[in-house]
Amino acid sequence: FLTGKTAVVTGSNSGIGLGVAHRLAKAGADVVLNSFTDSDEDHALAEKMAGEHGVKVRYIKADMSSADECRALIEKAGACDILVNNAGIQHVTPIPEFPVEKWDAIIAINMSSAFHTTAAALPLMRKAGWGRIVNIASAHGLTASPFKSAYVAAKHGVVGLTKVTGLETAQEKITCNAICPGYVLTPLVEAQIPDTMKEYGMNREDVIKKVMLERQPSKEFATVEEIGDTTVFLCSDAAAQITGTTISVDGGWTAL
Ligand code: NAD
């Protein structure tokens with residue numbers, strides 16, 4: 005049902021962004037993939053996705069830590085009916101030792117990038133008379149953990165920006181919402197399992213349930229496909245009156 009729409013997904017050469025891009029392509033949208041790497045693999049990924057789903061897929065390099073590159077990404081895309089702000093990084097250190105450059109990078113990539121892409125995309129959505137903005141926030145956009153000051157601040161900021169964007173577009177056929185995932189099984193998370201098994205002397209199942217998913221009551225990871233399908237739902241007509249809010253996909257984390 006998204007045939008003819010163009011979706012721009014930031015930070016989409018791996019993990020959640022890639023999963024979301026796949027689901028949007030499956031629903032018929034043309035897709036713009038993005039990261040800061042511009043490797044042969046990035047372009048091959050776009051070609052493969054296009055073949056798999058029979059849609060147009062382009063890869064456009066842009067570093068989401070740069071305001072200019074965020075805005076240039078939308079300009080180069082040419083159209084942006086669906087904007088998914090997903091690019092993000094993490095750093096875990098107590099506040100007094102938290103490196104200033106890490107704070108600045110996380111605030112820029114995880115939060116400010118969404119402001120810049122939204123600012124560039126809204127005129128295109130208004131011209132098209134339709135638009136969907138989906139910000140990939142986090143359970144950490146609604147709750148906190150120690151040692152993740154920049155990440156938690158940025159994700160709370162994204163939830164705030166989501167509300168303001170929802171209000172500024174409330175009387176148009178444009179919506180803006182944030183998805184707040186709990187722990188999602190991405191390659192990044194998968195790669196941490198063997199080391200954690202060694203560290204705690206636990207088997208895979210115990211590492212997942214007792215260490216990683218300590219705060220996730222379902223004791224199951226969310227999947228990139230589930231985040232993708234939630235994004236597709238937010239793009240549907242059924243979600244036309246859902247705006248300026250958050251949807252948690254966190255196995256009950258924020259109910260605790
Ligand atoms: P990931 O590391 O697999 O993906 C991050 C993506 O962002 C990659 O495609 C990377 O290329 C891109 N990226 C990083 N820095 C960039 C930059 N400067 N410019 C452009 N692209 C850049 O991680 P993921 O788990 O898929 O995370 C994706 C998003 O989901 C992040 O915003 C993250 O905070 C959020 N999230 C993840 C989880 C989880 O458990 N995995 C939970 C909640 C929220």
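For what it's worth, the UniProt record's numbering labels the leading residue of the sequence shown as 5, then goes sequentially. Where a beta carbon is used, it is the ideal one built from N, C-alpha and C, also for glycine.
Classification of residue i by the beta-carbon crowding that lies within 10 angstroms, buried from 16 upward
{"i": "K9", "result": "buried"}
{"i": "R27", "result": "buried"}
{"i": "G58", "result": "exposed"}
{"i": "V228", "result": "buried"}
{"i": "T169", "result": "buried"}
{"i": "V13", "result": "buried"}
{"i": "S149", "result": "exposed"}
{"i": "V104", "result": "exposed"}
{"i": "A81", "result": "buried"}
{"i": "T122", "result": "buried"}
{"i": "G15", "result": "buried"}
{"i": "Y204", "result": "exposed"}
{"i": "T41", "result": "exposed"}
{"i": "G55", "result": "exposed"}
{"i": "A50", "result": "buried"}
{"i": "G23", "result": "buried"}
{"i": "K52", "result": "exposed"}
{"i": "S39", "result": "buried"}
{"i": "I212", "result": "buried"}
{"i": "N207", "result": "exposed"}
{"i": "I99", "result": "exposed"}
Inter-residue CB distance, residue i and residue j (contact presumed, cutoff 8 Å)
{"i": "G164", "j": "P221", "result": "26 Å between Cβ atoms; not a contact."}
{"i": "I183", "j": "T234", "result": "5 Å"}
{"i": "I113", "j": "I93", "result": "6 Å"}
{"i": "A154", "j": "I111", "result": "6 Å"}
{"i": "V88", "j": "K152", "result": "Going by Cβ atoms, the distance from V88 to K152 rounds to 23 Å, so no, they are not a contact pair."}
{"i": "L146", "j": "T258", "result": "5 Å"}
{"i": "R136", "j": "I78", "result": "With a Cβ gap of about 14 Å, R136 and I78 do not count as contacting."}
{"i": "T200", "j": "T247", "result": "With a Cβ gap of about 39 Å, T200 and T247 do not count as contacting."}
{"i": "A76", "j": "A66", "result": "6 Å"}
{"i": "M115", "j": "G161", "result": "4 Å"}
{"i": "F225", "j": "L171", "result": "Going by Cβ atoms, the distance from F225 to L171 rounds to 33 Å, so no, they are not a contact pair."}
Per-residue DSSP class, three states only, for residue i
{"i": "D44", "result": "helix"}
{"i": "D34", "result": "strand"}
{"i": "A244", "result": "coil"}
{"i": "K65", "result": "strand"}
{"i": "G23", "result": "helix"}
{"i": "L260", "result": "coil"}
{"i": "T235", "result": "helix"}
{"i": "A54", "result": "helix"}
{"i": "V12", "result": "strand"}
{"i": "A29", "result": "helix"}
{"i": "A143", "result": "helix"}
{"i": "V211", "result": "helix"}
{"i": "V228", "result": "helix"}
Output the residue ranges of the alpha helix (DSSP H) runs that lie fully inside the segment 145-202 and measure 4 residues or longer, sorted by chain position.
-> 153-172 and 191-194
Please specify which runs of the alpha helix (DSSP H), each continuous and at least 4 residues long, are wholly inside the segment 71-138, giving them in chain order.
-> 71-81, 104-110 and 117-132
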